[in-house]
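Asks: Each residue of the sequence shown is one higher than the one before, starting from 36 at the first, in the numbering used here. Beta carbons are placed, not taken as given, at the ideal position from N, Cα and C, and that holds for glycine. Because the structure is a prediction, the values reported are computed rather than measured.
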Amino acid sequence: MENIFVTGCDGTIGWPVCMRLALKYPDKTIIGIDNNERRRWVDECGSVSAIPIKSMQERCLVFEEITGQSNILLIGDSIRKSLLKMLCTLRDIGTVVHLAAQPSAPYSMKYPQYTLRNNNDATLALIMAIKEVNPKIRLIETTTMGVYGTPDWNIGEDSIDKGVLISPTLKIPSGLPPFTGGSWYHRSKSYDASMLQFASFRYGSPTVDLRLGVVIGVGTSETKKDPRLATRFDFDFNFGVLANRFVAQALIDYPLTVYGSGGQTRGYLSLEDTVQSIVNAVELDNDSYLPINLFDKCYSVRDVAEAVAKEHHPTEVQTIKNPRKEAETHYYNPSNERMKKLLGNPKLDLKATLKDTFEAISPYRRTILLHKEAFLK
Ligand code: USQ
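1) Roughly how far, in whole angstroms, is the beta-carbon of P87 from the beta-carbon of R173, given that I think they are within contact range, below 8 angstroms?
2) For ligand 1, I want to know if H406 counts as a neighbour, meaning its beta carbon is within less than 7 angstroms of at least one of the ligand's heavy atoms.
3) Going by CA-CA distance only, name the one from L404, E408 and L306 that's closest to K382.
4) Measuring straight from C-alpha to C-alpha, what distance separates Q311 and D45?
5) In this structure, does DSSP put N279 in helix, strand or coil?
6) CB-CB under 6 angstroms to R337, same chain, minus the five flanking residues each way: which ones, in chain order?
7) Would you say A228 touches ligand 1, meaning its beta carbon is less than 7 angstroms from a heavy atom?
8) Just the C-alpha distance for D384 and K375, rounded to the nearest angstrom, thanks.
9) Excluding the 5 residues preceding and the 5 following L159 in the sequence, name in chain order all residues of the same chain whose CB lies nearer than 7 angstroms to its CB.
10) Where do the ends of the beta strand (DSSP E) carrying Y294 lie?
11) What are the boundary residues of the beta strand (DSSP E) that includes K332?
12) Who pairs with P369 in a beta bridge, going by DSSP?
13) Is V276 near ligand 1, going by C-beta to nearest heavy atom under 7 angstroms?
14) What is the rounded straight-line gap between the Cα of D187 and the Cα of Y367?
15) Any idea if L286 is buried or exposed, counting beta-carbon neighbours within 10 angstroms, 16 or more meaning buried?
16) Does any heavy atom of ligand 1 sit closer than 7 angstroms to the C-beta of L247?
17) By the 10 Å Cβ neighbour count, where 16 or more other Cβ atoms means buried, how is R55 classified, buried or exposed?
18) Using CA coordinates, which residue listed in N273, S90 and A316 is at the minimum distance from Y142?
19) Quick check: the Cα distance between G103 and S90, rounded to an integer number of angstroms?
20) Can you have a look at D196 and say buried or exposed, based on whether 16 or more other CB atoms are within 10 angstroms of its CB?
So this is what it looks like as structure tokens:
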């Protein structure tokens, strides 16, 4: 029996991934680790999760009460090579799902060294522990579509495999993203991708690099079983992602904060479908480095604002001077063929995700009102 190790088990994605893995593999132990920093970062930014969340210990007890399963085990708070080596040896780890990261672009611009240390040190510790214990342990990491930036060329997965010719004489080597991400966070994930690709090539480790687009929504089939199983929902300037922030803003009749011209285009995927994709990746049978672009459809900031306004009338839009340095009008053409094979048809499109999110956070309107200053600082 090979158990599964999940880093970042207290995160927005990590907690529902742990539950889904525990339900799918009742005979395996899902061993979770988290340094609890996400709660501190958001608190430091003067905000909270709009949906109240229990401690990890309480959530595990409730999970057992509701499902009868006690196969989520929490250990430690810091990803060290020695700890992972011990775990892999004593607890028979077959797969590591690496979700732990400081994931905010704006926060990373305030704390670049912290972000790089936090994100890259953990990844390297995992890579080296796996190499030393058993290079055949599968490593699945969520990096980001942001590793590509917003290039003028088509972001096709096959072209990434073969290398990308970006000029008649210049080629990006196979597997590697081009390192044009627009924040220290996005850069940290480019460095991770580079380490993953190199380690997989050098040590023969089966590695999946799930390059996530913007993950939106809050509910998954597991979190809906009991309010005490909820995962966090952030809406502040640093940790709230675009569509989630717009839903929170619309709910309290706060004008939607479109940065600049609003032409910034990204790929989006619901939390429900993201969790399922990660869980499905556990059973992929790749034996080397496999990057997968993970998003359903691409939308501009203005498209998302319009979709939110359709769900919730009347909703005003305000144009804010863009606090980020990024292209506001650009070409963006990524492919998601591998995700379609991994996931099949996504369960929730943008409209369904927005509707679900409005329903889930409506009871917590007052919490958002009390923290509305955090929308823009
Ligand atoms: N934006 C606005 N108004 C807002 C907030 C954001 O116009 O109130 C704009 C941003 O300037 C950006 C776009 O919306 O152009 C997306 O911003 P975001 O904060 O939703 O996404 P981003 O900073 O790119 O990062 C998020 C997650 C990150 C993940 C990434 C995927 O925080 O962890 O890796 O989405 S991707 O965007 O594909 O790189």
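Replies: Walking through what the data contain:
1) Incorrect: roughly 35 angstroms between the Cβ atoms, too far for contact.
2) no
3) L306
4) 17 angstroms
5) helix
6) G297
7) no
8) 14 angstroms
9) M230
10) L291 to Y294
11) K332 to S335
12) I190
13) yes
14) 7 angstroms
15) buried
16) yes
17) buried
18) N273
19) 19 angstroms
20) exposed
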